[in-house]
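Residue numbers (our numbering): 74 to 212.
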């Protein structure tokens, strides 16, 4: 089918949506034993590009050197919610629970990122989601 011309495509060719650098300054993986539900944090990434992208993640802590080399792969025109508490989804890195951290995500191509946390405390739970701070790119 032929693409209609919209602000998101040019001359019938799809254009990617998003930014190349994303910052999540407030992370702290909830401890599992706190509540009844599965407390967790997730990074939702949307790739509208017609090819796979690699997202390079750096984790910053207040009391140790940054962790670099985490790579998240996302297929062409796909989305995925990368759970921070699952090393198999988070580039093989095991995030320490109960420790504050910040993330910087960099991609050579535009992506869209959303961050969410589900916190379970006993019989209650709370959830929030936010669109992180973003930049076009950093030299």
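Glycine is no exception: its CB is placed at the ideal position from the N, C-alpha and C atoms. In this text the structure is predicted, and so the values were computed from the model without any measurement.
Got a sec? Which residues, its chain only, sit under 7 angstroms from residue i by beta carbon, not counting five neighbours each side?
i, result
"residue 204", "187"
"residue 146", "125, 127"
"residue 164", "130, 143, 144, 145"
For residue i, which residues in the same chain have their Cβ closer than 6 angstroms to its Cβ, ignoring the five residues on either side in sequence?
i, result
"residue 101", "173"
"residue 97", "176, 188, 205"
Are the CB atoms of residue j and residue i within a distance shorter than 8 angstroms?
i, j, result
"residue 170", "residue 150", "no"
"residue 157", "residue 144", "no"
"residue 139", "residue 130", "no"
"residue 135", "residue 208", "no"
"residue 152", "residue 117", "yes"
"residue 114", "residue 179", "no"
Roughly how many angstroms lie between the CA atoms of residue i and residue j, to the nearest whole one?
i, j, result
"residue 95", "residue 196", "34 angstroms"
"residue 142", "residue 162", "14 angstroms"
"residue 88", "residue 183", "10 angstroms"
"residue 81", "residue 166", "A caution first: residue 81 carries a pLDDT of 48, below 50, which makes its placement in the model too unreliable to give a value."
"residue 148", "residue 210", "21 angstroms"
"residue 159", "residue 137", "21 angstroms"
What residue from the options has the CA that sits closest to residue i's CA?
i, options, result
"residue 120", "137, 114, 90", "90"
"residue 213", "199, 185, 177", "The first residue shown for the chain is 74 and the last is 212, placing residue 213 beyond what the model contains."
"residue 154", "185, 181, 137, 175", "185"
Excluding the 5 residues preceding and the 5 following residue i in the sequence, name in chain order all residues of the same chain whose CB lies nearer than 8 angstroms to its CB.
i, result
"residue 201", "189, 190"
"residue 181", "93, 126, 127"
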